[in-house]
Amino acid sequence: MSKIVTLSEAASIALHSMVLIARSDTKLNVNQISEAIESSKHHVAKVMQRLAKEDFVASNRGPSGGFVLKQEPEEISLLMIYEAIEGKVAIQSCPGDKRTCIIGSCMLGDLSRNMTKEFKEYMESHFLNEYI
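Residue numbers (the working numbering): 19 to 150.
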């Protein structure tokens, strides 16, 4: 089945992991996160490493280690998390990233631009604290 809008597995892991960490009163480790979101430990570890590098979480190693937020949940938008993994969301008219269309005008009209704009605005206006 085809999907119009999809999130990459990495973006989904990042968003769900950040909500879990924000909800938790204690540090969460890779095993706990991967089990809760049903993703591979390896992929979760990679995504969490990226989020740590981008200063969203602090990580501690060892038996009592895990991840905690470095910012308040109300300061972290879903867009910030998404862009940390996927890069900046660019609002473009052509879904094929072309300057000109071979058929003269895009058969999708402004659909691609409008959907991307709406997605970005939604993600920008929702913060982690809304999911705690």
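Backbone N, C-alpha and C define an ideal beta-carbon position, used for all residues, glycine too. Just so we're clear, the structure is a prediction, and the values are computed from it rather than from any experiment.
Contact fails between the stretch 129–139 and the stretch 50–62, because fewer than three Cβ pairs, one in each stretch, are under 8 Å apart.
Note that the stretch 46–60 does not touch the stretch 94–113; fewer than 3 beta-carbon pairs, one per stretch, sit closer than 8 Å. Under the three-state reduction of DSSP output, Ala108 falls in the coil class, being neither helix nor strand. When beta bridges are read from the DSSP output, Val86 appears opposite Ala76. Of the candidates Ser123, Tyr100, Glu101, Ser123 places its Cα closest to the Cα of Ser111.
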